[in-house]
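Asker: Shown below is the structure under consideration.
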Amino acid sequence: MMHNHEWIHFHCMEGLTSFNFGHCHSFRGRTDNANDDEDHVHYFSIYTSFNEGHSHLVYGYTSKPIYLPNGRHYHLFSGRTSEDGQNCHYHEYQGATSLDFPY
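For the sequence shown, the working numbering assigns the number 85 to the initial residue and increments by one for each residue that follows.
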């Protein structure tokens, strides 16, 4: 598959964290920019909603791209949030990004 290595793009991402300590958090944001190398990944750093008096940071790197027959792609992501809140806890999250958007 041909890739334009000069093509800079990002992905949108959103989701809900796991339900811990009687609550969960939503998050919505975007990845950092990356070129279209075949094995590229994106870094992301997004704050969750403010629930129960605190928020968490959702952060990490996506998987390598998963290409569709039309040449566009998306990435998977998963991990644990930062440890915050009165009980100093974390939440788990997982999902798939949107398709690629040119920057």
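Each residue gets a CB set at the ideal place from its N, CA and C atoms; glycine is no exception.
(1) Could you pull the start and end residues of the beta strand (DSSP E) that CYS96 belongs to?
(2) Where does HIS138 sit, in a helix, a strand or coil, going by DSSP?
(3) Leaving out five residues on either side along the sequence, give the residues of the same chain with a beta carbon under 6 Å from the beta carbon of ARG114.
(4) Helix, strand or coil, according to DSSP, for MET86 in the structure here?
(5) By how many angstroms is the C-alpha of HIS175 removed from the C-alpha of HIS109?
(6) Bridge partners for TYR127 per DSSP, in chain order?
(7) What do you get for GLN178, buried or exposed, if any count of 16 or more other CB atoms within 10 angstroms of its CB means buried?
(8) With a 10 Å radius around its C-beta and 16 neighbouring C-beta atoms as the bar for buried, classify PRO186 as buried or exposed.
(9) Classify PRO186 as helix, strand or coil using the three-state DSSP reduction.
Answerer: If we stick to the structure as given:
(1) 96 to 100
(2) strand
(3) PHE94 and CYS96
(4) Its pLDDT being 49, under 50, MET86 is placed unreliably in this model, and the coordinates cannot settle the point.
(5) 8 Å
(6) TYR145
(7) exposed
(8) exposed
(9) strand
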